[in-house]
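Residue numbers (full-length UniProt numbering), protein chains in the order written: chain A, 1 to 359; chain B, 1 to 252. Just so it is clear, CB atoms sit at the ideal spot from N, CA and C, and this is done for glycine as well.
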């Protein structure tokens with residue numbers, strides 16, 4: 001019997017690593033040197049602008065030297081970026097709603113939490129009601145705060161959360177409907193998906209905010225935010241449906257047949273056998289859609305709702321703070337990026353957790 | 001051969017069954033009666049319709065003409081009939097078709113829990129009983145992807161048995177297996193046959209056919225060409241096509 005031979009060691013030594021990865025031939029060496037030169041040329045300047053020469057404290061534009069970034073602008077407007085025009089003395093309600101949300105969501109990430117099903121159930125059914133009361137008021141002695149006053153990151157998160165939670169099940173139903181053997185259901189789903197996908201989101205938002213009221217009977221008003229949320233959710237659920245359909249098509253026919261042969265009915269077959277596998281396959285696509293949805297919330301600016309990027313744009317037009325667009329957009333981009341990157345990382349974690357291997 | 005395990009009652013009956021894929025006539029006037037406890041091996045060249053025929057028996061495929069009756073229930077478009085028949089008819093596939101996202105145990109418990117509404121504990125007990133019978137109780141908590149092909153196929157057999165079927169259909173159960181794993185699966189099937197299960201098995205394992213079959217059916221081009229007991233079938237085939245087929249597979 002032969003002795004087992006170890007696989008050759010990986011190149012761990014830094015000099016060896018650099019030889020292999022950075023200077024393997026003259027062309028790679030040239031590229032490495034070029035990139036290093038560009039980094040040396042630009043990075044120190046950027047760091048200097050953003051941190052070393054930046055102004056961090058103050059009240060007005062005059063507190064900024066103009067050499068580096070003027071983060072005073074962000075600081076002064078922070079409250080508006082977070083809450084929009086939500087009355088300052090009522091903002092505790094928003095904070096409370098988000099604290100309750102965190103208190104419910106964090107246990108879900110802890111392995112040992114008992115009765116996760118109940119927590120999820122409450123999150124989907126009970127929590128939205130509580131959050132709606134807290135945000136909107138006009139009940140339990142809370143002052144009414146119109147949705148027109150909601151704004152900033154708070155509004156971004158509300159729309160994105162509702163959209164993300166609603167678009168997945170709607171997308172699943174549309175995807176199953178599109179593959180249904182019943183022609184009426186199939187054609188309804190196909191038309192919905194193709195119409196929604198074939199139109200820019202801006203058009204749908206305009207339709208929802210301008211056209212829809214025209215068809216409503218006199219006196220019936222339908223909250224603008226509600227219309228925007230429905231518009232975004234339906235738009236993204238059409239994309240979601242196609243992502244999920246891709247997953248459904250990737251499941252071998254044998255899985256359907258085995259479920260049929262065991263006597264599972266259609267809903268059991270889908271819920272227990274097909275969807276768990278299909279959804280797992282398309283997690284990257286689903287999260288892609290979630291991220292797109294999160295960023296698409298910025299489009300509701302055009303119907304006069306001021307979520308994060310909208311309120312940023314408004315703040316940049318303030319005569320007292322003219323000329324800080326770079327800081328403003330960088331800050332907004334950083335916040336969007338934080339949320340989107342977190343979603344992306346979390347989805348990779350789920351993918352690894354659901355991997356049952358060796359197929 | 002001892003025929004005492006065969007009861008008088010007719011469990012499966014096919015009368016003039018015809019099926020088309022578009023214009024292609026896959027099943028032509030199939031007539032077949034299977035009695036309770038009978039073990040039938042179906043063979044024939046590829047494309048002869050043998051898989052299609054047994055897939056019609058639990059409505060994975062639908063037939064267009066003729067009647068199929070399983071345990072007295074006609075197999076037609078009535079969903080209640082299809083559900084009732086599927087509860088009593090187990091099927092084992094060429095490619096196992098285990099559910100890769102579930103453990104072996106969950107694969108076995110799924111249908112008893114959801115279709116028969118058994119409590120989890122009872123379903124688990126049944127599952128372990130059958131996993132022991134196919135000799136892999138120690139793999140119960142693994143995922144199918146971690147098992148060899150032979151083990152997967154035995155799990156698939158256990159999964160079907162968990163529904164306590166009266167009839168088992170095998171659709172080329174050993175064709176996708178490596179040669180050294182065929183025996184472990186065939187052994188399980190022989191044991192099952194010894195217990196008096198009604199079995200219909202599409203296979204090219206002629207040793208298995210000789211050992212357990214009460215009847216061997218030869219199909220070609222969508223027709224049943226010849227049927228006989230294994231002894232007569234192998235030693236004294238009647239039609240030219242059967243002779244040709246047998247000479248081809250026995251040469252290999």
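- For residue 12/B, same chain residues with a beta-carbon under 6 Å away, outside a window of 5 residues either side, are 34, 70 in chain order.
- Look at the stretch 43-129 of chain B and you find these whole runs of beta strand (DSSP E), each 3 residues long or longer: 65-70, 89-92.
- Residue 199/B is bridged by DSSP to 39/B, 168/B.
- For a Cβ distance threshold of 7 Å, residue set 101 of chain B lies close to residue 276/A, ordered along the chain.
- According to the DSSP secondary-structure assignment, residue 228/B is paired through a beta bridge with 216/B.
- For the stretch 294-327 of chain A, the set of residues with a beta-carbon nearer than 8 Å to any beta-carbon of chain B is empty.
- Here residue 156/B really is in contact with residue 98/B; their C-beta atoms are around 6 Å apart, less than 8 Å.
- Pairing residue 334/A with residue 324/A gives a Cβ-Cβ distance that is not under 9 Å.
- For residue 215/A, the three-state secondary structure derived from DSSP is helix.
- Sorting 48/A, 77/A, 45/A by C-alpha distance to the C-alpha of residue 59/A places 77/A at the top.
- A distance of 9 Å or more separates the beta carbons of residue 184/A and residue 196/A.
- Between the stretch 87-106 of chain A and the stretch 116-124 of chain A, the count of Cβ pairs shorter than 8 Å is three or higher; the stretches touch.
- Excluding residues up to 5 positions away in sequence, 163, 166, 167 lie with their Cβ nearer than 6 Å to the Cβ of residue 233/A in the same chain.
- When C-alpha distances from residue 116/B are compared across 103/B, 162/B, 220/B, the shortest belongs to 162/B.
- Unbroken alpha helix (DSSP H) stretches of 4 residues or longer found wholly inside the stretch 234-269 of chain A: 253-261, given in chain order.
- Neighbours of residue 257/A in chain B, taken as residues whose beta carbon is under 9 Å from its own, are 55, 60, 91, 93, 97 in chain order.
- Contact check between the stretch 46-64 of chain B and the stretch 72-86 of chain B: three or more CB pairs, one atom from each, fall below 8 Å, which counts as touching.
- Annotation for residue 16/B: the continuous beta strand (DSSP E) segment containing it runs 10-21.
- Between residue 211/B and residue 234/B, the beta carbon gap of about 12 Å keeps them out of contact (Cβ cut-off 8 Å).
- Residue 42/B and residue 201/B do touch by the CB rule: their CB atoms are close to 7 Å apart, below 8 Å.
- Flagged as an interface residue toward chain B: residue 273/A, by a C-beta distance shorter than 9 Å.
- Below 8 Å, enough C-beta pairs join the stretch 77-90 of chain A and the stretch 149-157 of chain A to call them touching: three or more.
- Using beta-carbon distances, residue 111/B counts as an interface residue toward chain A, with a partner under 9 Å.
- Under DSSP, residue 70/A shares a beta bridge with 55/A.
- Proximity of residue 72/B to chain A, defined by a Cβ-Cβ separation below 9 Å, is not satisfied.
- Assignment of residue 204/B by DSSP, reduced to helix, strand and coil, places it in the coil class.
- Listed by position along chain A, the residues whose Cβ is nearer than 8 Å to that of residue 86/B are 260, 261, 262, 263.
- In the three-state DSSP reduction, residue 38/A falls in the helix class (H, G or I).
- Distance from the CA atom of residue 40/B to the CA atom of residue 216/B, rounded to whole angstroms, is 6 Å.
- Under the three-pair Cβ rule at 8 Å, the stretch 119-139 of chain B does not count as touching the stretch 86-97 of chain B.
- Within chain A, the residues whose beta carbon sits less than 8 Å from that of residue 163/B are 262, 263, listed in sequence order.
- Taking a beta-carbon distance threshold of 9 Å, residue 268/A counts as an interface residue toward chain B.
- Annotation: residue 28/A to residue 45/A spans about 26 Å, alpha carbon to alpha carbon.
- CA-CA distance, residue 55/A to residue 75/A, rounds to 11 Å.
- With respect to the C-alpha of residue 36/B, the residue from 130/B, 214/B, 245/B having the closest C-alpha is 214/B.
- With its beta carbon at least 9 Å from every one in chain A, residue 120/B lies outside the interface.
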